[in-house]
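Under our numbering, the first residue of the sequence shown is numbered 963, with each subsequent residue one higher.
For glycine and all other residues, C-beta sits at the position ideal for the given N, C-alpha and C.
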Amino acid sequence: MTFVYLVLAIVAEVIATSALKASLGFTRPLPSLVVVVGYGLAFYLLSLVLRTLPVGVAYAIWAGLGIVLVTLVGIVIFGEKPDLPAVVGISLIVAGVVMLQVFSKMNVH
């Protein structure tokens, strides 16, 4: 269940971050509510993940996948266009997350 909680936490964080942009500085009520609920759910789920996964590994996966997914949302929904350095940087983040999962023995207590 740990990785299910982590995936759900990441999805909630990505939704909240996307709504943060749509909230226009908390001037739009519905996106603002999605931000508050999304981040609350994300951090609650992350707290469950931290019962069994080391904080460094959990946060690396959270941050890495969150960056990738938020970037994809930015491209698809907000029409943002990452340049080559952004694509390379995001690729390196993904490589780091894969390395943690495949090669690190730190991924369980």
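If you drop the 5 nearest sequence neighbours on each side, which residues of the same chain put their C-beta closer than 6 Å to that of R990?
none
Is the beta carbon of A1057 sitting closer than 8 Å to the one on W1024?
no
Decide if the segment 974-982 is in contact with the segment 992-1004; the criterion is three or more beta carbon pairs, one per stretch, under 8 Å apart.
yes
Taking a contact to mean a Cβ-Cβ separation below 8 Å, would you say K1086 touches I1052 in this structure?
Absent from the model: residue 1086. The displayed extent of the chain is 963 to 1071, so no value can be given.
Taking only the alpha-carbon atoms, compute the straight-line gap between V922 and L986 and give it to the nearest angstrom.
This structure does not reach residue 922, given that the chain is present from 963 up to 1071, and the question cannot be answered.
A1020 beta carbon less than 8 Å from that of L1062:
Not closer than 8 Å, so no.
Sequence-distant residues of the same chain with beta carbon closer than 8 Å to A1048, five excluded per side
Scanning its chain for C-beta atoms nearer than 8 Å, with the 5 sequence neighbours on each side dropped, one finds around A1048 the residues T1033, in chain order.
Cβ distance (whole Å) where G1018 is taken to contact I1055 below 8 Å
At roughly 15 Å, the Cβ-Cβ gap does not stay under 8 Å, so G1018 and I1055 are not in contact.
Thinking just about the alpha-carbon of each residue, which of L1046, D1045, L1031 is nearest to the one in I1039?
L1031
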